[in-house]
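Same order as they appear, the protein sequences are chains V and P.
Under this note's numbering, the first residue of the first sequence is numbered 56, with each subsequent residue one higher.
Under this note's numbering, the first residue of the second sequence is numbered 56, with each subsequent residue one higher.
Notes follow once the structure below has been shown.
Number of protein chains: 2
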Amino acid sequence: MARTTRTYDHFCMLARALEQVGDRWTLLAVRDLLGGPRRFTDLMGLLGGITPKTLSQRLRELESAGIVDVDREPGRREVWYRLTPAGEDLAPAVEALFVWGLRHARRPPTPGEKVHPEHLLKALRILLDQTTAPRHPLVWHIDFVDDGAYTLAYDGDTWTLTNRLTDTTPDITITTSRDAWTRHLMTPAPDRPSAPAGVELAGDRRAIEQFKRLLAHFPDIDG
Amino acid sequence: MARTTRTYDHFCMLARALEQVGDRWTLLAVRDLLGGPRRFTDLMGLLGGITPKTLSQRLRELESAGIVDVDREPGRREVWYRLTPAGEDLAPAVEALFVWGLRHARRPPTPGEKVHPEHLLKALRILLDQTTAPRHPLVWHIDFVDDGAYTLAYDGDTWTLTNRLTDTTPDITITTSRDAWTRHLMTPAPDRPSAPAGVELAGDRRAIEQFKRLLAHFPDIDG
DNA sequence: CTGGATCCATGATGATACTG
DNA sequence: CAGTATCATCATGGATCCAG
Numbered sequence: 056m057a058r059t060t061r062t063y064d065h066f067c068m069l070a071r072a073l074e075q076v077g078d079r080w081t082l083l084a085v086r087d088l089l090g091g092p093r094r095f096t097d098l099m100g101l102l103g104g105i106t107p108k109t110l111s112q113r114l115r116e117l118e119s120a121g122i123v124d125v126d127r128e129p130g131r132r133e134v135w136y137r138l139t140p141a142g143e144d145l146a147p148a149v150e151a152l153f154v155w156g157l158r159h160a161r162r163p164p165t166p167g168e169k170v171h172p173e174h175l176l177k178a179l180r181i182l183l184d185q186t187t188a189p190r191h192p193l194v195w196h197i198d199f200v201d202d203g204a205y206t207l208a209y210d211g212d213t214w215t216l217t218n219r220l221t222d223t224t225p226d227i228t229i230t231t232s233r234d235a236w237t238r239h240l241m242t243p244a245p246d247r248p249s250a251p252a253g254v255e256l257a258g259d260r261r262a263i264e265q266f267k268r269l270l271a272h273f274p275d276i277d278g
Numbered sequence: 056m057a058r059t060t061r062t063y064d065h066f067c068m069l070a071r072a073l074e075q076v077g078d079r080w081t082l083l084a085v086r087d088l089l090g091g092p093r094r095f096t097d098l099m100g101l102l103g104g105i106t107p108k109t110l111s112q113r114l115r116e117l118e119s120a121g122i123v124d125v126d127r128e129p130g131r132r133e134v135w136y137r138l139t140p141a142g143e144d145l146a147p148a149v150e151a152l153f154v155w156g157l158r159h160a161r162r163p164p165t166p167g168e169k170v171h172p173e174h175l176l177k178a179l180r181i182l183l184d185q186t187t188a189p190r191h192p193l194v195w196h197i198d199f200v201d202d203g204a205y206t207l208a209y210d211g212d213t214w215t216l217t218n219r220l221t222d223t224t225p226d227i228t229i230t231t232s233r234d235a236w237t238r239h240l241m242t243p244a245p246d247r248p249s250a251p252a253g254v255e256l257a258g259d260r261r262a263i264e265q266f267k268r269l270l271a272h273f274p275d276i277d278g
């Protein structure tokens, strides 16, 4: 009896969930789609070592599970993948695993390990959500000259990461490169230079001070 | 270059977490260990179709990841597996996936699907945690004549499931069988008989009413 | 009986190249 | 840009066997 998809044959909702998102690469694809719609090659880049075959297979599985919507318009080359509401609902699970990794699987990047600034920003967002509660809303624009631009915003309740610059006027704008940003964030906070090379901070003096204060214990989630 | 364990080679804490717990069966083993220490064969039973080879491999991986502690005492036949504190910290992630499954992957049990009462109880615990807040602490004993016994308790803040009968005096005691309990819980609440066959409820009249009321919308997590 | 190990078959994934 | 095609390798499942 040829089984079309691998199942656990348990009547358990965790098993059911893992049948949908438990395959290798699947939750990493969801992680990258949580930032907003992406094209196939965007995902290829973010997912590092995945092969196109595996990625297209995963995307089809996610589509048929109702987790991803595919946007193909005739006459347009690009295909955009976006999460459905059911896909967005995976955010708490992805985040819980992320938090666990931050606590229990944190190691400096090994040589040859792909460091993508978006994933650092995601870790930062989660950490901010768990450790701080600023008094007022905040908007930070982070512009990677060699990669893309992101908005990290606090709405008075939670922090949000968006993979583009929002229309809102930012409190600060960070202009940097992937390497400089990675180097800056991976430097233990006490050792960080106040004017790090390759990281330009623009904005109000107090907003910049607040930014540095809020980043002060990244990436230590404890204490 | 022979890679001993499969990695993603991403500097991302979600990828790191999934390298530890992302393999097939791993989170299901953690799920079953969250209830308390278990022996190899307990896990074999709870995990349904896993082969001993895969289970022992997963347990060794979990042990070397610091998620599971193995208790081998000389002169004792059994080997007990238990979660370390790092393993217990997986509870939020397991639960978030469970909740997602409850919302988005709920289907009645298909014929041939193993139904373990413990997993139903776990779903019930999560649901109670998300939907109710009784005024006072509660202790329910559930005794399966053909399987084992569990305690579902509310301490004034959260619900806990334990895979044995605790010493506390229970508010109610349910004596049932795997089949009868499954049949009862899988019947839509409005159709449940007030004196279901094979499910004996013992205890104070008001406690029994409360029990029925609290189970009234299982397994619907929404609304 | 518990806690595995071993052998083999098969399916899932990876590397590389190529195409509409 | 968005994938397929082909081939090689690895992980998993099924069955069986074994030692304490």
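Beta carbons are placed, not taken as given, at the ideal position from N, Cα and C, and that holds for glycine.
Considering only beta carbons, the part of the segment 112–127 of chain P lying closer than 9 Å to chain V consists of A120, G121 and I122, in chain order.
R161(V) is positioned such that its CB atom lies closer than 8 Å to that of P274(V). Under DSSP, the beta-bridge partners assigned to F199(V) are T231(V). Residue burial annotation: T96(P) is exposed, with fewer than 16 other C-beta atoms found within 10 angstroms of its C-beta. The Cβ of W155(P) sits closer than 8 Å to at least one Cβ of chain V.
Note that the segment 211–224 of chain V touches the segment 182–201 of chain V; at least 3 beta-carbon pairs, one per stretch, sit closer than 8 Å.
Interface criterion not met: the Cβ of L270(V) is under 8 Å from no Cβ in chain P. Judged by DSSP in its simplified three-state form, E74(V) adopts helix. At a cut-off of 8 Å between C-beta atoms, H159(P) counts as an interface residue with respect to chain V. Taken in chain order, the complete beta strand (DSSP E) segments of 3 residues or longer contained in the segment 160–216 of chain V are 193–199 and 204–209. At least 8 Å separates the CB of K267(V) from every CB of chain P.
M241(P) and T215(P) have their alpha carbons spaced roughly 21 Å apart. Contact annotation for M68(P) against chain V: F153, G156, L157, A160, R161 and A178 [CB-CB distance below 7 Å, chain order]. In the three-state reduction of the DSSP assignment, H65(P) falls in the strand class, which pools E and B. Chain order gives no chain V residues near H196(P), where near means a beta carbon separation below 7 Å; the closest approach is about 22 Å. Taking a contact as a CB-CB distance under 8 Å, the pair L256(V) and I263(V) counts as one, their CB atoms being some 5 Å apart.
With a cutoff of 8 Å on beta-carbon distance, Y209(P) and P189(P) are scored as near each other.
Comparing C-alpha distances from E173(V) to each of L145(V), D202(V), H159(V) and D184(V) shows the shortest one belongs to D202(V). In the three-state reduction of the DSSP assignment, W80(V) falls in the coil class.
Counting only residues of its own chain and dropping the five nearest sequence neighbours on each side, T62(V) has a CB closer than 7 Å to the CB of E74. For the 8 Å CB-CB criterion, W80(P) and L102(P) form a contact. Contact with chain P is absent for Y205(V), since none of that chain's Cβ atoms lies less than 8 Å from the residue's Cβ. Between L152(V) and A148(P), the C-beta spacing is below 8 Å.
Counting only Cβ-Cβ distances below 8 Å, K108(V) has no contacts in chain P at all, with the closest Cβ about 17 Å away. Measuring C-alpha to C-alpha distances from M99(P) to each of H171(P), G167(P), L157(P) and R127(P) identifies H171(P) as the nearest. Under the 10 Å beta carbon count, V200(V) is surrounded by fewer than 16 other beta carbons and is classified as exposed. In the displayed model, G258(V) falls within a strand according to three-state DSSP. Note that the C-beta distance between A70(V) and L183(P) is not below 8 Å.
Boundaries of the alpha helix (DSSP H) around D97(P): F95 to L101. At the C-beta level, T237(P) and L179(P) stay beyond 8 Å of one another. R94(P) sits away from E143(P), with the two beta carbons spaced by 8 Å or more.
T231(V) counts as buried, since at least 16 other C-beta atoms from the protein chains shown sit within 10 angstroms of its C-beta. G258(V) places its beta carbon less than 8 Å from that of I227(V).
With fewer than 16 other beta carbons inside 10 angstroms of its own, A250(P) counts as exposed.
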